[in-house]
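Every letter in the sequence shown is one number past the one before it in the numbering used here, and letter 106, counting from 1, is 241. Note sheet for the following structure.
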Amino acid sequence: MVFELFKQLFKRPATNKFPAKYTPANVTAVVEKALRGEITLHPPIPVPPQYRGKLVYDKEKCNGCGLCTRVCAAAAVVLVGEKKAKKIVHYVARCTFCAQCVDACPQGALRTSEEFALADTNKFSDRLVVK
Ligand code: SF4
Ligand code: SF4
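The following block contains the structure:
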């Protein structure tokens, strides 16, 4: 156990540092300061290869076949529109990022991205819906 303890002391942290130097009392105030350029945030650590982040949807490639909706166990993909004009809407808040829909799409209209900072106070926010 002592050996393991010493080993951990000299290992690089596996997680990202908190974005600001000191934990602030108010996170919103820190974000606002960062947006004004008054403080610098720690950059995020790079994501691993083939990371399954927020989906990217290419509407032009989509033929509205609906295969992605059939494989999605979370019902996070919904077909909208009429007949051949059918397109999908992706509800990020419901998504488990399994990428089954990406594998199932015959048109290559869906792919995963490196975007992981998806927390939002409003689950109906436009930012969390991919059309
Ligand atoms: S990644 Fe998985 S949970 Fe998310 S929309 Fe695709 S199939 Fe559904
Ligand atoms: S599987 Fe691909 S082509 Fe078919 S509806 Fe979904 S995104 Fe569009």
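For each residue, glycine too, the CB sits at the ideal point set by N, CA and C. Source: prediction; values computed, not measured.
Any non-hydrogen atom of ligand 2 within 8 Å of residue i CB
| i | result |
| --- | --- |
| residue 247 | no |
| residue 241 | yes |
| residue 175 | no |
| residue 199 | yes |
| residue 224 | no |
Range covered by the beta strand (DSSP E) that runs through residue i
| i | result |
| --- | --- |
| residue 284 | The requested residue 284 is not part of the displayed model; the chain covers only 136 to 266. |
| residue 191 | 190-192 |
| residue 212 | 212-215 |
Beta-ladder partner(s) of residue i, from DSSP
| i | result |
| --- | --- |
| residue 175 | In the DSSP output, where bridge partners are listed per residue, residue 175 has none listed. |
| residue 223 | 214 |
Boundaries of the alpha helix (DSSP H) in which residue i is found, first to last residue
| i | result |
| --- | --- |
| residue 202 | 202-206 |
| residue 163 | 162-170 |
| residue 140 | 137-144 |
Rounded distance between the beta-carbons of residue j and residue i, thought under 8 Å
| i | j | result |
| --- | --- | --- |
| residue 258 | residue 228 | 4 Å |
Cβ-heavy atom distance, residue i to ligand 1, below 8 Å
| i | result |
| --- | --- |
| residue 232 | yes |
| residue 185 | no |
Exercise. Is it a yes or a no for the stretch 195-212 touching the stretch 222-240, going by three-plus beta-carbon pairs under 8 Å?
Worked result: Yes, since at least three Cβ pairs between the stretch 195-212 and the stretch 222-240 fall closer than 8 Å, the two stretches touch.
Exercise. Just checking, does the stretch 168-179 make contact with the stretch 203-210 on the three C-beta pairs under 8 Å criterion?
Worked result: no
Exercise. Is there contact here, the stretch 185-193 with the stretch 247-266, by at least three beta-carbon pairs under 8 Å?
Worked result: In the pairwise beta carbon analysis, the stretch 185-193 is classified as touching the stretch 247-266: at least three pairs are separated by under 8 Å.
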